[in-house]
Amino acid sequence: MTEIRTPRLLLRTWHDDDLAPMADINADPRVMRWIEDGSVRDLDHTAEDIERWEEEWDEEGFGLFAVELLASGELIGFTGLSVPEFLPEVMPAVAISWRIGSQFWGQGYASEAAHATLEFALQDRGLDRVISINRVGDNASENVIRKLGMVPERETAHPVYGYPLRVHAIDLTEFQA
């Protein structure tokens, strides 16, 4: 798997010692508010998530990167690519997503990591199009999506939870590295 360095971040493979800090992020109701049904996740669920994310790297050649601060080595969350099978109407597609611990919000880390991931998707993995799916009302994610140059493509509803979702997209011809 590829490692990506940005001015402040390292996007890398998952390590065993990432489980506890990622579980802490997943246990924060502010972080999880816009994800699935808004429920927090415990250590066991986080371990299952990480295992699934690692499998996606093997199966797809891309996945979710652990994101750490270069200055301290501290895990701050993830960013990466996945196949959004939960939303069949957008398939086939590859989606970019991120989850950053609330103590790291407002510092541009999500945008920095997401931009590096989008560049990886379009230039390294040869994808010609990437989407992002966010829950309507999640303005922080919407701001990151706009900074990436993605444009709204459609609105739909989550097939399980029913809340409104917005799908954004960008293709290789629109991406500014």
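Per the numbering used here, the sequence shown starts with residue 207, numbered consecutively. Glycine included, each C-beta is placed from N, C-alpha and C at the ideal position. Everything numeric in this text was worked out from a predicted model, so none of it was measured.
Is it the case that the Cβ atoms of G267 and T323 are separated by a distance below 7 Å?
-> Start at 1 with the first residue of the sequence shown, and residue 267 comes out as number 61. Start at 1 with the first residue of the sequence shown, and residue 323 comes out as number 117. No. Outside cutoff.
For D234, which three-state DSSP category applies?
-> Locating residue 234 in the sequence shown gives position 28, counting from the first residue. Of the three classes helix, strand and coil, the one that applies to D234 here is coil, per DSSP.
Paired residues, beta bridge with W240 - DSSP | Counted from its first residue, the sequence shown places residue 240 at position 34. Partner(s): none; W240 has no beta bridge.
Integer-rounded CB distance, given that A327 should sit under 8 Å from V300 | Against the sequence shown, residue 300 aligns to sequence position 94. Against the sequence shown, residue 327 aligns to sequence position 121. Yes, V300 and A327 are in contact; Cβ-Cβ is about 7 Å, under 8 Å.
Check the Cβ-Cβ distances between S338 and every residue of chain D, and say whether any is below 7 Å.
-> You won't find chain D in this structure, because it holds only one protein chain.
Decide if D222 is buried, meaning its Cβ has at least 16 other Cβ atoms within 10 Å, or exposed.
-> In the sequence shown, counting from the first residue as 1, residue 222 sits at position 16. Around the beta-carbon of D222, fewer than 16 other beta-carbon atoms lie within 10 Å, marking it exposed.
Could you tell me if V273 is buried or exposed, where buried requires 16 or more neighbouring beta carbons within 10 angstroms of its beta carbon?
-> Position 67 of the sequence shown, counted from the start, is the residue given in the question as residue 273. It counts as buried.
Taking the continuous beta strand (DSSP E) assigned at H374, which residues delimit it?
-> Reading the sequence shown from its first residue, position 168 is the one you call residue 374. Element bounds for H374: P370 to D377.
Can you name the start and end residues of the beta strand (DSSP E) that R214 belongs to?
-> The residue given as residue 214 occupies position 8 in the sequence shown. It is not in any beta strand (DSSP E) - R214 carries neither H nor E in the DSSP assignment.
So who's on the other strand from S278, going by DSSP bridges?
-> As a position in the sequence shown, residue 278 is number 72, starting the count at 1. According to DSSP, which records beta bridges pairwise, S278 is partnered with nothing at all.
Going by C-alpha distance, which of K353, P370, D330 and G332 is nearest N340?
-> Start at 1 with the first residue of the sequence shown, and residue 340 comes out as number 134. Closest option to N340, Cα to Cα, is P370.
Could you name the residues that DSSP lists as bridge partners for L270?
-> Sequence index remark: in the sequence shown, residue 270 carries index 64 (1-based). According to DSSP, which records beta bridges pairwise, L270 is partnered with G286.
Between the Cα of A363 and the Cα atoms of V373, G355 and G269, which residue gives the shortest distance?
-> The residue labelled residue 363 in the question sits at position 157 within the sequence shown. Measuring from the Cα of A363, the nearest candidate turns out to be V373.
Flag this pair as touching only if the segment 245–262 and the segment 302–309 have three or more C-beta atom pairs under 8 Å; answer yes or no.
-> Remark: fewer than three beta-carbon pairs, one from each stretch, lie closer than 8 Å, so the segment 245–262 and the segment 302–309 are not flagged as touching.
Mind checking who S303 pairs with in its DSSP beta bridge?
-> As a working note, residue 303 is residue 97 in the sequence shown. S303 is bridged to G286.
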